[in-house]
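Worksheet: the structure to be examined is printed underneath.
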Amino acid sequence: MRQSQHTLSVRTNGKGLIEFTDDVARWLSQEGYTVGVLTVFCRHTSASLLIQENADPSVLRDLKEFFERIAPEYHPYAHDTEGPDDMPAHIRSALTQTSLSIPIVSGKMALGTWQGIYLFEHRSAPHVRQVVLHVVGD
Amino acid sequence: MRQSQHTLSVRTNGKGLIEFTDDVARWLSQEGYTVGVLTVFCRHTSASLLIQENADPSVLRDLKEFFERIAPEYHPYAHDTEGPDDMPAHIRSALTQTSLSIPIVSGKMALGTWQGIYLFEHRSAPHVRQVVLHVVGD
Amino acid sequence: MRQSQHTLSVRTNGKGLIEFTDDVARWLSQEGYTVGVLTVFCRHTSASLLIQENADPSVLRDLKEFFERIAPEYHPYAHDTEGPDDMPAHIRSALTQTSLSIPIVSGKMALGTWQGIYLFEHRSAPHVRQVVLHVVGD
Chain A
70 MRQSQHTLSV RTNGKGLIEF TDDVARWLSQ EGYTVGVLTV FCRHTSASLL
120 IQENADPSVL RDLKEFFERI APEYHPYAHD TEGPDDMPAH IRSALTQTSL
170 SIPIVSGKMA LGTWQGIYLF EHRSAPHVRQ VVLHVVGD
Chain B
70 MRQSQHTLSV RTNGKGLIEF TDDVARWLSQ EGYTVGVLTV FCRHTSASLL
120 IQENADPSVL RDLKEFFERI APEYHPYAHD TEGPDDMPAH IRSALTQTSL
170 SIPIVSGKMA LGTWQGIYLF EHRSAPHVRQ VVLHVVGD
Chain C
70 MRQSQHTLSV RTNGKGLIEF TDDVARWLSQ EGYTVGVLTV FCRHTSASLL
120 IQENADPSVL RDLKEFFERI APEYHPYAHD TEGPDDMPAH IRSALTQTSL
170 SIPIVSGKMA LGTWQGIYLF EHRSAPHVRQ VVLHVVGD
């Protein structure tokens, strides 16, 4: 058994979900594993990870709208020094994922037909987000 | 060190939580690991995973009721072509887990006394859901 | 490749977030891995895990307040035999994490600058919570 690591940079353009499944798949196919497990880790507390449907873009709009409704910007937060979008960003990160674990089967991630890997940006300004990939297997 | 993989099928009967801890434990004991880490991965975006209390069934009813309240069916979603239960299913999946990582200690999953592994079905119709298991260890 | 395991005890003092990043880092540095992946697993259904900002303590207060608002104690839950804080504790656990997977890069967890690992206690009474650590790598 062996292991590999890589850090991806994902550019965001304000709040919303950005799919980066293909970037992960490209790196993985270079590394040449047949069986194993992939860890995807987001190094931020105001952006997070999500596996979601990648067929209909309206799903992403509804998801974004849901999280804006449940953790709104205009609320008397104690933590408000980094702008009105910062504390909701932490809450939205807490409700979604910082890490994902995805089995590798027959040389590919075992994602279902409609599953894509998304970076969920929770801040209003554009950012470059770091996502660490780790795989262990054969 | 070595690794094993298996895909479980979990039959659901409409919305609700279905425990499948015993199916995982049975496969794991056949594979004969003493120490390691198990990954449980759900290949769907309208069903998800949860580790929850398996002592009192009313906990499962309250959990189901909570997610119906927080992500209701009757809401003006943009994504409504697959029925009123589809977009809430994606939201409820986003709020729970697609993957779980469980250490194996002394040949067994390190679950606490009351912890069970559940498939959370978010669609109204019955489905057969695929859950991929991966273990690496000794 | 090799693996190691350890169980940490985290003492809580009623509801709130307790950082234990340093306890994990101390154990990890003793084990001497350069590259690998760490699994952090909470053996409870009324306490959970979260990676969050560890710079401004007001973030933790806002997070606690958010979860009290979204899953309140005073609600007609079916499961009420273990006290008014028990069912909200299960819901808050379902919304956060039972397991985390963190890559190890250059001998350290690949946490971002502001990321800390927290045990989120959801019960009113103090508890001692068990967190299982597992690492596989070189």
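Residue numbers (the numbering used here), protein chains in the order written: chain A, 70 to 207; chain B, 70 to 207; chain C, 70 to 207. Virtual Cβ for every residue (Gly too), placed ideally from N, Cα, C.
Query, Result
"Using C-beta distances below 6 Å, list every residue in its chain close to C/L129, excluding the 5 sequence neighbours before and after it, in chain order.", "L86"
"Let me know the beta strand (DSSP E) ranges lying completely inside the segment 106 to 185 of chain B, each 3 residues or longer, listed in chain order.", "116 to 122, 168 to 174"
"Taking any Cβ of chain C, which residues in the segment 178 to 200 of chain A have a Cβ under 9 Å from it, in chain order?", "Q199"
"Within a Cβ cutoff of 6 Å, which residues of the same chain sit near B/Q74, ignoring the five residues on either side of it in sequence?", "H203"
"In the DSSP assignment, the alpha helix (DSSP H) including A/T90 goes from what residue to what residue?", "90 to 100"
"Return helix, strand or coil for C/S73, following the three-state DSSP convention.", "strand"
"Does the segment 144 to 153 of chain C come close enough to the segment 183 to 196 of chain A to have 3 or more Cβ pairs within less than 8 Å?", "no"
"Quick check on the DSSP output: the beta strand (DSSP E) that includes B/R198 runs from which residue to which?", "197 to 206"
"When DSSP labels each residue in this structure, what does A/V104 get in the three-state scheme?", "coil"
"Given a cut-off of 8 Å on the beta-carbon distance, is the pair C/S168 and C/T76 in contact?", "no"
"How is A/S78 classed by DSSP in three states: helix, strand or coil?", "strand"
"Does the distance from the C-beta atom of C/I160 to that of C/A140 stay below 8 Å?", "yes"
"Given A/E142, which residues of its chain have a CB within under 7 Å of its CB, disregarding the five upstream and five downstream residues?", "P153, D154, P157"
"If you drop the 5 nearest sequence neighbours on each side, which residues of the same chain put their C-beta closer than 7 Å to that of A/A163?", "none"
"Going by C-alpha to C-alpha distance, which of A/S117, A/G206, A/R138 sits closest to A/S175?", "A/G206"
"Going by beta-carbon coordinates alone, are B/V79 and B/R198 separated by less than 8 Å?", "yes"
"Kindly list the residues whose CB is nearer than 8 Å to the CB of A/F89, restricted to its own chain and excluding five residues on each side of it in sequence; keep chain order.", "L77, V79, I186, Y187, L188, V200"
"Nearest by alpha-carbon distance to B/E122: which of C/D125, C/S115, C/S127 is it?", "C/S115"
"In the segment 154 to 178 of chain C, which residues sit with their C-beta less than 7 Å from some C-beta in chain A, listed in chain order?", "L164, T165, L169, S170, I171, P172, V174"
"Is C/V109 near the ligand SAH, going by C-beta to nearest heavy atom under 7 Å?", "Absence of the ligand SAH from the depicted structure is noted, as is the absence of any ligand whatsoever, leaving it without description."
"C/Q166 to A/Q99, Cα distance in whole Å?", "31 Å"
"With 8 Å set as the bound, which would you pick, yes or no: does the beta-carbon of B/S73 sit closer than that to a beta-carbon of chain C?", "no"
"Going along chain C, which residues have a C-beta under 8 Å from A/F110?", "S170, I171, P172, A179"
"Apart from the five residues just before and just after C/D94, which ones in its own chain have a Cβ nearer than 8 Å to its Cβ?", "According to the sequence provided, residue 94 of chain C is Ala. The question's Asp does not apply to it. Only K177, M178 meet the Cβ criterion."
"Step through the CB atoms of chain C and report whether any lies within less than 8 Å of the CB of B/P132.", "Contrary to the premise, residue 132 of chain B reads as Leu rather than Pro in this sequence. Closer than 8 Å to some Cβ of chain C, the Cβ of B/L132 qualifies, so yes."
"Residues of chain C with CB under 9 Å from B/S127, in chain order?", "Y146, A147, H148, D149, T150, M156"
"Within 10 angstroms of its Cβ, does C/P172 collect 16 or more other Cβ (buried), or is it exposed?", "buried"
"According to DSSP, is B/G85 part of a helix, a strand, or is it coil?", "strand"
"With the cut-off set at 8 Å, would you say C/Q72 and B/G101 are in Cβ contact?", "no"
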